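Peer 1: Using the working numbering, the first residue of the sequence shown is number 28, and each one after it goes up by one. Let me give you the structure first, and then I'll get to my questions.
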Amino acid sequence: MQRIAIIGTGYVGLVTAVGFAEMGNIVIGIDNDQEKLELLKKGLPPFYEPGLEELLRKNFEKGSIRFTDSIEEGARESDIIFICVGTPSLEDGSADLSQISAVSKEIAEHLDGWKLIVEKSTVPVMTSQWIKRTIKLYSRREGNFDVASNPEFLREGSALHDFFHPDRIVIGVESERAKENLIHLYKDFNCPIVITDINTAEIIKHASNSFLAMKISFINMLSDLCEKTGADVEMVAYGIGLDKRIGLQFLKAGLGYGGSCFPKDVRAFYKIAEEHGLHFGLLKETERVNQQRIERLMEKIKSAMWLPKNKVMGILGVAFKPDTDDIREAPSLKIIEILRREGAYLKIHDPKAIPNIKKVIKEDENLKYVDSPYKACENAEALIIVTEWDEYRELDLNKIKEIMKTPIIIDGRNIFKPEEVIKLGFEYYCMGRGNYQRGK
Ligand code: UGA
């Protein structure tokens, strides 16, 4: 059992906190967002993540996890302090490290006795060195400490599963004591532990996300080529993915990557290389191809609908991916914005993310949020699939055909089998699958 403080209770921080508590540690979660804290102090998560609510409640009731806004309390009552605060994009694409810097200063003020300070947020290489220097500069008392990097690889929507069953654990350390502590913390995990120096660990994190984003842009570019040539991108992905060196995962063509990680990390990693005099053009191209996905969808909408103005369109899915209520950098935001500008009438559904999107895109006479996918289809002249929620795969297409005004589906995530949808009498547009994307 270890005493752990987790600063920042976003996706990474809260899932990590609950995970460590469930593994038998005593955890204090720290956040300065009072709205969030109010919920957490009742044992409730401030965002949706499958399984999180139950596991949080269980550990909260057991007393193995609690929450506070005081870094002082966290530092006093723990031996290991994880930094999990946000590192959003600045305007030039580089990471905004102001939260990390502020937290480091505050930790420094409350050090008493040896502590291990572990960087878990995704940060540019050499950030931990800055954390170390900041803590050294600002510690008032004689408290010795170590810093380490322990990047997280969990995905939203399957974050708890990823926490308990990681492919690997990466630990970047510069002292034996830090290494032993972290190995002990992860002793019950059944996966390789990669032990490196701190800079290497930091690069592993950015490189993993950037590589996966690059894989997605690669398949999306192939998707466009398949459309031009009548080939099928899903079979191309299968054909190349069976090669173990390539692998089948992250080869789903569609509307591209979004979320709080890939877009920001690809941009930040490019900037890091640039700051060191390197032009990482692959990353620039990855981003360019990703941004083009929205244009591709708009081309399909226009070739199906002619002019969007005054046309009723149902939109299924606004979350950046299924099983989350997160809409950060979601393709839906841009798609809705463009269609609105062009004068379409939109009926929008998502199983979880409507409360979040309502905060940034308000309802008006041309835009309504609906609480069932069928309501989005009523009288619609086209149905646009933006997020591949499982419940959309199971929709009764016969019923949908009956309630739509004109049976047109524009499927940005390839959730249906073209032959089946066409047999039912729909015009079906999808991404990179033979000639079907042209609606035939
Ligand atoms: C990603 C990484 O997968 C995690 O390992 C990492 O820990 C996390 O970022 C992070 O840095 O915090 P996440 O953003 O939650 O996780 O979501 P992913 O499942 O990786 O999907 C990212 C985006 O890629 C989504 O928009 C998804 O729709 C898209 N995607 C994914 C595709 O377009 N095609 C694919 O084949 C796979």
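Think of the CB as a built atom: it goes at the ideal place given N, C-alpha and C, for glycine as much as any other residue. Fair warning: this is a prediction, and the values are worked out from it, not measured in the lab.
Closer than 6 angstroms by C-beta to I427: which residues in its own chain qualify, once you throw out the five before and the five after it? Chain order, please.
Peer 2: Taking the sequence shown and counting its residues from 1, the one referred to as residue 427 is at position 400. Hits under 6 angstroms: C404.
Peer 1: Check the C-beta distance from A371 over to K336 and give it rounded, since I have them as a contact under 8 angstroms.
Peer 2: In the sequence shown, the residue the question calls residue 371 occupies position 344. In the sequence shown, the residue the question calls residue 336 occupies position 309. The pair is a contact, with the Cβ atoms about 7 angstroms apart (cut-off 8 angstroms).
Peer 1: Assign A346 to buried or exposed, taking buried as 16 or more other Cβ atoms, counted over all protein chains shown, within 10 Å of its Cβ.
Peer 2: Taking the sequence shown and counting its residues from 1, the one referred to as residue 346 is at position 319. By the 10 Å Cβ count, A346 comes out buried.
Peer 1: For S105 and G90, what's the separation of their Cα atoms in angstroms?
Peer 2: What you label residue 105 is simply residue 78 of the sequence shown in a count that begins at 1. What you label residue 90 is simply residue 63 of the sequence shown in a count that begins at 1. C-alpha separation (whole angstroms): 15 angstroms.
Peer 1: Helix, strand or coil, according to DSSP, for Y297 in the structure here?
Peer 2: Position 270 of the sequence shown, counting from 1, holds the residue named residue 297. Correct three-state label for Y297: helix.
Peer 1: Between the Cα of T36 and those of L66, H376, N52 and I53, spot the shortest distance and give me the residue it belongs to.
Peer 2: Locating residue 36 in the sequence shown gives position 9, where the first residue counts as 1. Nearest of L66, H376, N52 and I53 to T36, Cα basis: L66.
Peer 1: Out of I107, F443 and L334, point me to the one whose CA is closest to A32's CA.
Peer 2: Numbered from 1 along the sequence shown, position 5 holds the residue referred to as residue 32. Nearest C-alpha to A32: I107.
Peer 1: Once DSSP output is grouped into helix, strand and coil, what is the label at R420?
Peer 2: Indexing the sequence shown from 1 puts residue 420 at position 393. If DSSP states are grouped into helix, strand and coil, R420 belongs with the helices.
Peer 1: Put D391 into one of helix, strand or coil per three-state DSSP.
Peer 2: Here residue 391 is taken as the residue at index 364 of the sequence shown, counted from 1. The answer is strand: DSSP assigns D391 an E or B state.
Peer 1: So, I225 versus A175, is the Cβ gap smaller than 8 angstroms?
Peer 2: Within the sequence shown, the letter at position 198 stands for residue 225. Within the sequence shown, the letter at position 148 stands for residue 175. A contact, by the Cβ cut-off of 8 angstroms.
Peer 1: Return helix, strand or coil for M325, following the three-state DSSP convention.
Peer 2: On the sequence shown, position 298 is the one that residue 325 refers to. Helix at M325.
Peer 1: Give the straight-line distance between the Cα atoms of I57 and L451, rounded to the nearest whole angstrom.
Peer 2: The residue labelled residue 57 in the question sits at position 30 within the sequence shown. The residue labelled residue 451 in the question sits at position 424 within the sequence shown. Each residue's Cα considered, the two are about 54 angstroms apart.
Peer 1: On a CA-only basis, which of D215, H376, L282 and H303 is nearest E322? Give me that one, please.
Peer 2: To locate residue 322, count along the sequence shown from 1; it is residue 295. When each option's Cα is compared against that of E322, the closest is L282.
Peer 1: Within this structure, are the beta carbons of R460 and V316 separated by less than 8 angstroms?
Peer 2: For the purposes of this step, residue 460 is identified with residue 433 of the sequence shown, where counting begins at 1. For the purposes of this step, residue 316 is identified with residue 289 of the sequence shown, where counting begins at 1. Cβ atoms of R460 and V316: not closer than 8 angstroms.
Peer 1: Could you spell out where the alpha helix (DSSP H) holding R182 opens and where it closes?
Peer 2: As a working mapping, residue 182 is identified with position 155 in the sequence shown. From DSSP, R182 is part of no alpha helix (DSSP H); its letter is neither H nor E.
Peer 1: Determine the direct distance from the alpha carbon of I375 to that of G466, and round the result to whole angstroms.
Peer 2: The residue you call residue 466 lines up with position 439 of the sequence shown. The residue you call residue 375 lines up with position 348 of the sequence shown. Its pLDDT being 49, under 50, G466 is placed unreliably in this model, and the coordinates cannot settle the point.
Peer 1: Which two residues bound the contiguous beta strand (DSSP E) that contains L373?
Peer 2: Here residue 373 refers to the residue found at position 346 of the sequence shown. It spans Y372 to H376 - the beta strand (DSSP E) in which L373 sits, taken as one unbroken run.
Peer 1: If S166 sits next to A135, beta carbons under 8 angstroms apart, how far is it from one beta carbon to the other, in whole angstroms?
Peer 2: Indexing the sequence shown from 1 puts residue 166 at position 139. Indexing the sequence shown from 1 puts residue 135 at position 108. Confirmed, about 4 angstroms.
Peer 1: Could you check how far apart the C-beta atoms of L196 and F172 are, in whole angstroms? I think they sit under 8 angstroms.
Peer 2: For the purposes of this step, residue 196 is taken as residue 169 along the sequence shown, with counting starting at 1. For the purposes of this step, residue 172 is taken as residue 145 along the sequence shown, with counting starting at 1. Reading off the sequence, residue 196 comes out as Ile, not Leu. That pair is no contact at about 22 angstroms.
Peer 1: Ignore the nearest five residues each way along the sequence and tell me which others in N383's own chain have a CB closer than 6 angstroms to its CB.
Peer 2: Here the question's residue 383 lines up with position 356 in the sequence shown. Excluding sequence neighbours, N383 sits near D352 and I354.
Peer 1: Can you check whether the CB of E133 is closer than 8 angstroms to the CB of I110?
Peer 2: As a first step, residue 110 is located in the sequence shown; it is residue number 83 there, counting from the start. As a first step, residue 133 is located in the sequence shown; it is residue number 106 there, counting from the start. Their beta carbons are not under 8 angstroms apart, which means I110 does not touch E133 by this criterion.
Peer 1: Using only the heavy atoms of the ligand UGA, determine whether one of them is closer than 7 angstroms to the beta carbon of G283.
Peer 2: Taking the first residue of the sequence shown as 1, we reach residue 283 at position 256. Checking every heavy atom of the ligand UGA against the Cβ of G283, one is found closer than 7 angstroms.
Peer 1: Under a Cβ-count criterion, where at least 16 other Cβ atoms within 10 Å of its own Cβ denotes burial, should C457 be classed as buried or exposed?
Peer 2: Locating residue 457 in the sequence shown gives position 430, counting from the first residue. The residue is buried, with at least 16 neighbouring Cβ atoms inside 10 Å.
Peer 1: By how many angstroms is the C-alpha of L71 removed from the C-alpha of W1?
Peer 2: Past the edges of the chain, shown from 28 to 467, lies residue 1, and the structure says nothing about it.
Peer 1: Comparing alpha-carbon positions, which option in G439, L164 and D350 lies nearest F74?
Peer 2: Residue numbering aside, residue 74 sits at position 47 when the sequence shown is read from its first letter. Of the listed residues, the one whose Cα sits closest to F74 is D350.
Peer 1: In angstroms, rounded to a whole number, what distance separates the CA positions of I222 and G113?
Peer 2: Against the sequence shown, residue 222 aligns to sequence position 195. Against the sequence shown, residue 113 aligns to sequence position 86. C-alpha separation (whole angstroms): 24 angstroms.
Peer 1: Is any non-hydrogen atom of the ligand UGA found closer than 7 angstroms to the C-beta of D292, if you look at the structure I gave you?
Peer 2: Here residue 292 refers to the residue found at position 265 when the sequence shown is read from its first residue. For the ligand UGA, at least one heavy atom lies less than 7 angstroms from the Cβ of D292.
Peer 1: Which complete beta strand (DSSP E) runs does the segment 184–264 hold, if anything under 3 residues is left out?
Peer 2: The segment 184–264 contains these whole beta strand (DSSP E) runs: 196–199 and 220–223.
Peer 1: Pull up the DSSP beta-bridge partners for V339, would you.
Peer 2: Within the sequence shown, residue 339 is the residue found at index 312, counting from 1. Beta-bridge pairing links V339 to Y372.
Peer 1: Taking 8 angstroms as the threshold (C-beta atoms), are G285 and E364 in contact?
Peer 2: Residue mapping note: residue 364 aligns to position 337 of the sequence shown, counting from 1. Residue mapping note: residue 285 aligns to position 258 of the sequence shown, counting from 1. Cβ atoms of E364 and G285: not closer than 8 angstroms.
Peer 1: Less than 7 angstroms separating the Cβ of G286 from some heavy atom of the ligand UGA?
Peer 2: Within the sequence shown, the letter at position 259 stands for residue 286. G286 Cβ: within cutoff of the ligand UGA.
Peer 1: DSSP three-state call for I442: helix, strand or coil?
Peer 2: As a first step, residue 442 is located in the sequence shown; it is residue number 415 there, counting from the start. I442 falls in the coil class under three-state DSSP.
Peer 1: If I follow the unbroken beta strand (DSSP E) through S176, where does it start and stop?
Peer 2: Residue mapping note: residue 176 aligns to position 149 of the sequence shown, counting from 1. S176 -> beta strand (DSSP E) spans F172 to S176.
Peer 1: What residue does the beta strand (DSSP E) around E454 start on, and which one ends it?
Peer 2: Reading the sequence shown from its first residue, position 427 is the one you call residue 454. First-last of the beta strand (DSSP E) with E454: E454 to Y456.
Peer 1: Within 10 Å of its beta-carbon, does N177 have 16 or more other beta-carbons around it, so buried, or fewer, so exposed?
Peer 2: Here residue 177 is taken as the residue at index 150 of the sequence shown, counted from 1. It counts as buried.
Peer 1: Which full runs of the beta strand (DSSP E) of 3+ residues lie inside the segment 57–129, going along the chain?
Peer 2: Runs of the beta strand (DSSP E) inside the segment 57–129: 92–95 and 107–110.
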